[in-house]
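**Student:**
Protein chains: 2
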Amino acid sequence: MLQVIPLEKGRERLASEAALRTVRAERAEWNRAAGRVLAEDIVAGEDLPAFSRASVDGWAVVAADTFGASASLPALLRLAGEVKMGEHASFALQPGSCAAVWTGGELPRGADAMVMLEEAETLSGGIVAVETPTVPGRHIVFRGDDTRRGTVVFSKGKRLSPRDIGVLAALGVSKVPVAKRPRVCVLSTGDELVDPSETPVGAQIRDCNGPMLTAACERAGAEVLLCSRVPDDETELLERMRSLAEYCDLLLLSGGSSAGEKDAGVRCLGALGEVFFHGLAVKPGKPAFAGKIGGSLVIGLPGHPAAACLMFCELVLPLLAALQGEIHWQRTLPARLAAAVPSNHGREELVPVLLAGEEANPVISKSGLIAALARADGYIRIPRDTEGLLTGARVDVILF
Amino acid sequence: MLQVIPLEKGRERLASEAALRTVRAERAEWNRAAGRVLAEDIVAGEDLPAFSRASVDGWAVVAADTFGASASLPALLRLAGEVKMGEHASFALQPGSCAAVWTGGELPRGADAMVMLEEAETLSGGIVAVETPTVPGRHIVFRGDDTRRGTVVFSKGKRLSPRDIGVLAALGVSKVPVAKRPRVCVLSTGDELVDPSETPVGAQIRDCNGPMLTAACERAGAEVLLCSRVPDDETELLERMRSLAEYCDLLLLSGGSSAGEKDAGVRCLGALGEVFFHGLAVKPGKPAFAGKIGGSLVIGLPGHPAAACLMFCELVLPLLAALQGEIHWQRTLPARLAAAVPSNHGREELVPVLLAGEEANPVISKSGLIAALARADGYIRIPRDTEGLLTGARVDVILF
Numbered sequence: 000m001l002q003v004i005p006l007e008k009g010r011e012r013l014a015s016e017a018a019l020r021t022v023r024a025e026r027a028e029w030n031r032a033a034g035r036v037l038a039e040d041i042v043a044g045e046d047l048p049a050f051s052r053a054s055v056d057g058w059a060v061v062a063a064d065t066f067g068a069s070a071s072l073p074a075l076l077r078l079a080g081e082v083k084m085g086e087h088a089s090f091a092l093q094p095g096s097c098a099a100v101w102t103g104g105e106l107p108r109g110a111d112a113m114v115m116l117e118e119a120e121t122l123s124g125g126i127v128a129v130e131t132p133t134v135p136g137r138h139i140v141f142r143g144d145d146t147r148r149g150t151v152v153f154s155k156g157k158r159l160s161p162r163d164i165g166v167l168a169a170l171g172v173s174k175v176p177v178a179k180r181p182r183v184c185v186l187s188t189g190d191e192l193v194d195p196s197e198t199p200v201g202a203q204i205r206d207c208n209g210p211m212l213t214a215a216c217e218r219a220g221a222e223v224l225l226c227s228r229v230p231d232d233e234t235e236l237l238e239r240m241r242s243l244a245e246y247c248d249l250l251l252l253s254g255g256s257s258a259g260e261k262d263a264g265v266r267c268l269g270a271l272g273e274v275f276f277h278g279l280a281v282k283p284g285k286p287a288f289a290g291k292i293g294g295s296l297v298i299g300l301p302g303h304p305a306a307a308c309l310m311f312c313e314l315v316l317p318l319l320a321a322l323q324g325e326i327h328w329q330r331t332l333p334a335r336l337a338a339a340v341p342s343n344h345g346r347e348e349l350v351p352v353l354l355a356g357e358e359a360n361p362v363i364s365k366s367g368l369i370a371a372l373a374r375a376d377g378y379i380r381i382p383r384d385t386e387g388l389l390t391g392a393r394v395d396v397i398l399f
Numbered sequence: 000m001l002q003v004i005p006l007e008k009g010r011e012r013l014a015s016e017a018a019l020r021t022v023r024a025e026r027a028e029w030n031r032a033a034g035r036v037l038a039e040d041i042v043a044g045e046d047l048p049a050f051s052r053a054s055v056d057g058w059a060v061v062a063a064d065t066f067g068a069s070a071s072l073p074a075l076l077r078l079a080g081e082v083k084m085g086e087h088a089s090f091a092l093q094p095g096s097c098a099a100v101w102t103g104g105e106l107p108r109g110a111d112a113m114v115m116l117e118e119a120e121t122l123s124g125g126i127v128a129v130e131t132p133t134v135p136g137r138h139i140v141f142r143g144d145d146t147r148r149g150t151v152v153f154s155k156g157k158r159l160s161p162r163d164i165g166v167l168a169a170l171g172v173s174k175v176p177v178a179k180r181p182r183v184c185v186l187s188t189g190d191e192l193v194d195p196s197e198t199p200v201g202a203q204i205r206d207c208n209g210p211m212l213t214a215a216c217e218r219a220g221a222e223v224l225l226c227s228r229v230p231d232d233e234t235e236l237l238e239r240m241r242s243l244a245e246y247c248d249l250l251l252l253s254g255g256s257s258a259g260e261k262d263a264g265v266r267c268l269g270a271l272g273e274v275f276f277h278g279l280a281v282k283p284g285k286p287a288f289a290g291k292i293g294g295s296l297v298i299g300l301p302g303h304p305a306a307a308c309l310m311f312c313e314l315v316l317p318l319l320a321a322l323q324g325e326i327h328w329q330r331t332l333p334a335r336l337a338a339a340v341p342s343n344h345g346r347e348e349l350v351p352v353l354l355a356g357e358e359a360n361p362v363i364s365k366s367g368l369i370a371a372l373a374r375a376d377g378y379i380r381i382p383r384d385t386e387g388l389l390t391g392a393r394v395d396v397i398l399f
């Protein structure tokens with residue numbers, strides 16, 4: 000029998016191990032940085048924008064010159080020049096004059112507002128007739144309006160969105176300090192497993208956990224060095240675990256973790272390193288285990304695909320986030336249960352759900368099925384000290 | 000002045016153009032298929048699981064043999080053999096006998112239930128004493144329970160999740176039919192723009208739209224062939240647009256789309272091909288335009304980064320989804336407005352929001368700022384025929 004511990008305790012044990020490791024940083028070119036996790040705070044090295052600029056096409060003016068202007072009595076301003084895009088305004092504006100400035104162009108010294116192109120008319124002799132009064136600050140983005148020099152624009156631990164890449168580009172951060180991708184090896188154990196490209200013979204089955212876990216690790220920002228299989232041969236498993244642990248940050252096993260002949264994974268882990276736990280008070284996922292071999296963390300997931308997927312979400316995702324120093328990695332959504340879910344197993348229970356608007360429909364299926372899980376949008380947690388949840392109960396859906 | 004059309008009309012025009020194009024398919028290896036869009040329906044070629052199997056470690060039995068069994072009066076069954084993992088059960092079970100089967104192993108013919116390892120005891124002479132009655136079907140996953148041969152498992156147009164990759168692997172779909180990535184060229188126009196790695200001189204600014212749009216296109220599944228800049232030189236712009244349109248599906252321009260000297264993009268589009276629209280009744284985003292050059296679609300986004308980002312979400316994202324045949328691509332979340340948003344521009348308005356629980360806080364900032372937008376979680380649409388939304392109004396937040 001397994002000596003189970005609460006799921007939360009298992010997660011905490013892994014978190015405390017991750018906390019012992021420093022997040023390794025590297026520089027990524029801006030076009031490779033989206034989706035990566037920032038490894039340093041980004042402090043603005045300059046004001047953004049770096050100069051006060053027009054936010055419309057039109058005429059830079061001294062606002063007071065336009066007060067009282069109308070179509071019948073326009074303010075007549077002398078055109079002092081044009082500000083070319085990308086160039087400094089070479090002249091200062093005197094009262095009674097104006098300058099042509101395009102959107103994004105620099106405001107000449109002395110000017111304090113813009114008049115839009117369609118609010119004025121160009122007369123002969125270099126005179127601009129302004130027909131609508133403007134007020135100081137109108138249609139201008141002042142230097143530093145977006146970001147002031149010295150401001151922490153992004154804190155480390157943020158996963159970078161396309162918009163963040165735009166901000167970094169604007170600030171000239173073209174080589175972005177990001178966390179190195181954790182290196183993961185995925186190993187499925189079982190005599191019955193064949194490659195997805197092979198046709199099973201006898202009672203063989205195709206390995207689906209390996210491909211699923213590989214894709215899930217990559218989505219979480221990890222680099223998967225290897226996705227392979229090993230038969231139920233303890234000597235071979237020991238050798239594979241020993242050699243893989245030498246060059247990855249996380250070794251992910253699946254299958255081979257239930258009681259009986261198939262404790263090989265956890266026995267090998269004990270022989271090669273340290274076992275943190277074997278057995279969690281959670282359904283599904285009871286036979287999960289974890290430990291380390293040297294500096295490599297090892298997590299053993301159940302062989303049932305649905306259980307492997309849920310334990311991946313509960314144990315591996317937070318670990319991969321921690322190894323990258325990522326702060327807000329989990330997305331949850333409040334919802335109401337569309338049907339009651341009984342639960343009296345004395346264990347925490349994880350139940351996949353389908354979302355329909357603000358309702359969460361529990362997906363109840365036999366253990367080990369994968370197609371039903373693929374349709375689910377996320378899952379809910381039912382604490383171990385309850386007897387289930389009633390229809391209409393408020394739940395937090397953890398999105399896949 | 001621009002001849003504006005409603006945003007919805009502009010989107011519809013692009014959708015009808017996309018509908019004229021067939022989604023091109025290719026085969027991706029399973030380890031490259033996650034995040035891609037399925038180009039064909041996936042029909043199960045076999046039952047899943049392909050044989051009835053045990054979902055626990057224990058003893059395959061004829062359930063009726065165990066009825067009435069207890070610890071004091073166990074059912075004594077003759078052990079007929081062990082089913083090896085990955086191999087067919089070579090024998091049929093007779094009443095009064097049982098077989099050792101591990102989790103995932105094939106159930107021998109004649110057996111209709113499992114007794115868990117801990118519910119029985121092995122006695123001498125090849126006898127197993129079952130102390131707990133079981134019922135037919137218990138702890139068994141029957142052939143086809145997960146998926147039946149001939150079932151449409153996934154419909155085309157679905158973006159593949161890691162769990163989907165697991166299902167495809169289980170079904171032996173190791174080369175996955177996916178939509179080809181749309182090829183996109185990103186071109187920022189403006190004399191004032193320099194590369195993000197350069198230090199601006201005079202009133203130059205670093206190009207932030209190019210990097211932002213590139214990352215956003217890639218996240219939407221596109222392949223960005225080029226991200227470059229072109230000065231405000233109509234001859235050069237015409238030549239670049241002509242040559243780029245020859246080898247991409249979508250040419251994305253930003254900047255240079257407001258009135259005045261900077262209509263060059265839309266004039267070049269008119270000279271090289273067809274203009275669908277120039278000007279949308281939306282704030283921000285009014286100067287957006289679209290058209291085609293030969294088989295290449297062209298979208299001109301505003302130069303203001305925030306406007307470029309929102310118009311990307313409204314025009315480009317649905318187009319990239321359509322070019323990949325993707326069905327459900329937009330994620331929205333219901334929320335309540337935390338503050339009133341006035342709007343009386345006679346145009347539809349797009350307002351970025353920050354989410355806090357179920358509340359959406361409007362992010363009101365000057366046009367053209369990007370750092371404020373980076374902090375937002377999504378945005379809301381305010382229809383053109385309203386005068387804004389009151390505090391507490393129910394809104395759908397379109398997530399970035």
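So the sequences go chain by chain: A and B.
For the first sequence, numbering that gives the first Met the number 0 gives the first residue as 0, with consecutive numbering after it.
For the second sequence, numbering that gives the first Met the number 0 gives the first residue as 0, with consecutive numbering after it.
Built from N, CA and C at the ideal position, the CB exists for glycine as well.
(1) Assign G104(A) to buried or exposed, taking buried as 16 or more other Cβ atoms, counted over all protein chains shown, within 10 Å of its Cβ.
(2) Is R158(B) near the ligand SAH - that is, is its Cβ less than 7 Å away from at least one heavy atom of it?
(3) Going along chain B in order, which residues have a C-beta closer than 8 Å to the C-beta of N343(A)?
(4) Reducing DSSP to helix, strand and coil, say where P304(B) ends up.
(5) Span of the alpha helix (DSSP H) holding L225(B)?
(6) For chain B, is any of its Cβ atoms less than 8 Å away from the one on T146(A)?
(7) Looking only at its own chain, which residues have a Cβ that is under 7 Å from the Cβ of A68(A), when we skip the five neighbours before and after it?
(8) Closer than 8 Å, CB to CB, is V100(A) near chain B or not?
(9) What are the boundary residues of the beta strand (DSSP E) that V172(A) is part of?
(10) Look at A112(A) and V60(A) and say whether their C-beta atoms are less than 8 Å apart.
(11) Does the CB of P304(A) have a neighbour CB from chain B at under 8 Å?
(12) Can you tell me the Cβ-Cβ gap for A38(B) and P176(B), rounded? I've got them flagged as a contact below 8 Å.
(13) Can you pull the chain B residues whose beta carbon is under 7 Å from the beta carbon of A85(A), in chain order?
(14) If we define contact as Cβ-Cβ less than 8 Å, is Q2(A) a contact residue for chain B?
(15) At the level of alpha carbons, what is the spacing between D402(A) and R335(B)?
(16) Comparing alpha-carbon positions, which option in E120(A), V114(A), R147(A) and G125(A) lies nearest H138(A)?
(17) Near G278(B), what residues of its chain come up, given a Cβ to Cβ distance below 8 Å and the 5 sequence neighbours on each side ignored?
(18) So with CB distances below 7 Å, who are the chain A contacts of T213(B)?
(19) Check whether the Cβ atoms of R346(A) and R374(A) sit closer than 8 Å, and answer yes or no.
(20) Quick check on R218(B) - is its C-beta less than 8 Å from some C-beta in chain A?
(21) Identify whether I126(B) lies in helix, strand or coil by the three-state DSSP scheme.
(22) Expressed to the nearest angstrom, what Euclidean distance is found between the alpha-carbon atoms of A119(A) and A53(A)?
(23) Any idea what DSSP makes of K8(A), helix, strand or coil?
(24) Is E117(A) buried or exposed, if buried means 16 or more other CB atoms sit within 10 Å of its CB?
(25) Starting from V100(B), follow the beta strand (DSSP E) in both directions and report where the run begins and ends.
(26) Quick one: does R162(A) have its CB under 8 Å from some CB of chain B?
(27) Determine the DSSP secondary structure at W58(B), reduced to helix, strand or coil.
(28) Does the beta carbon of T198(B) sit closer than 8 Å to a beta carbon anywhere in chain A?
(29) Thinking C-beta only, is L349(A) closer than 8 Å to A219(A)?
(30) So for T385(B), helix, strand or coil by DSSP?
(31) Measure the Cβ-Cβ separation of C308(A) and R162(B) and say whether it is below 8 Å.
(32) Pair every Cβ in the region 81-92 of chain B with every Cβ in the region 135-150 of chain B, then say whether three or more of these pairs are closer than 8 Å.
(33) Under 8 Å, Cβ to Cβ, is there at least one residue of chain A near V185(B)?
(34) Would you list the residues sitting across from M211(B) in a DSSP beta bridge?
(35) Which residues of the region 308-324 of chain B have a Cβ closer than 9 Å to any Cβ of chain A? Give them in chain order.
**Tutor:** The short version:
(1) Under the 10 Å beta carbon count, G104(A) is surrounded by 16 or more other beta carbons and is classified as buried.
(2) Questions concerning the ligand SAH fall outside what the structure shown contains, since it holds no ligand whatsoever.
(3) The contacting residues do not exist; N343(A) stays about 18 Å from chain B at best.
(4) In this structure, P304(B) counts as helix in the three-state DSSP scheme.
(5) Element bounds for L225(B): not the alpha helix (DSSP H) but the beta strand (DSSP E), E222 to V229.
(6) The beta carbon of T146(A) falls within 8 Å of a beta carbon belonging to chain B, placing the residue at that interface.
(7) So the qualifying residues of the chain are A74, V129, E130, T131 and P132.
(8) Answer no: the Cβ-Cβ gap between V100(A) and chain B never drops below 8 Å.
(9) Under the DSSP assignment, V172(A) falls outside any beta strand (DSSP E); it carries neither an H nor an E label.
(10) The Cβ atoms of A112(A) and V60(A) lie closer than 8 Å to each other.
(11) Answer yes: the Cβ-Cβ gap between P304(A) and chain B drops below 8 Å somewhere.
(12) Confirmed, Cβ separation roughly 5 Å.
(13) Correcting the residue identity first, residue 85(A) is Gly in this sequence and not Ala. Near G85(A) (Cβ distances below 7 Å), the residues of chain B are D190, E191, G201, A202 and Q203.
(14) Under the Cβ criterion of 8 Å, Q2(A) is not counted among the residues facing chain B.
(15) An answer regarding residue 402(A) cannot be provided, because it is not within the stretch 0 to 399 covered by chain A.
(16) Looking at the Cα atoms, V114(A) is the closest of the given residues.
(17) Non-local beta-carbon contacts of G278(B) in its own chain, meaning distances under 8 Å to residues more than five positions away in sequence, involve L1, Q2, V3, I4, K285, P286, A287 and F288 in chain order.
(18) Correct list: N30.
(19) Not closer than 8 Å, so no.
(20) Yes, R218(B) lies at the interface with chain A (some Cβ there is under 8 Å from its Cβ).
(21) Assignment of I126(B) by DSSP, reduced to helix, strand and coil, places it in the strand class.
(22) The straight-line gap from Cα to Cα measures roughly 16 Å.
(23) For K8(A), the three-state secondary structure derived from DSSP is helix.
(24) Taking a 10 Å sphere around the C-beta of E117(A), we find fewer than 16 other C-beta atoms and assign the residue as exposed.
(25) In this chain, the beta strand (DSSP E) harbouring V100(B) covers S96 to V100.
(26) Taking CB atoms only, R162(A) has a neighbour in chain B less than 8 Å away.
(27) It is a strand residue.
(28) Chain A, which has a Cβ nearer than 8 Å to the Cβ of T198(B), makes this yes.
(29) In this structure, L349(A) does not lie closer than 8 Å to A219(A) by Cβ.
(30) It is coil, neither helix nor strand.
(31) Taking C-beta atoms as the reference points, C308(A) and R162(B) count as a pair closer than 8 Å.
(32) Because the criterion of three Cβ pairs below 8 Å is not met, the region 81-92 of chain B and the region 135-150 of chain B do not touch.
(33) Chain A, which has no Cβ nearer than 8 Å to the Cβ of V185(B), makes this no.
(34) Per DSSP, none; premise fails for M211(B).
(35) So the list reads C308 and F311, given in the order they occur along the chain.
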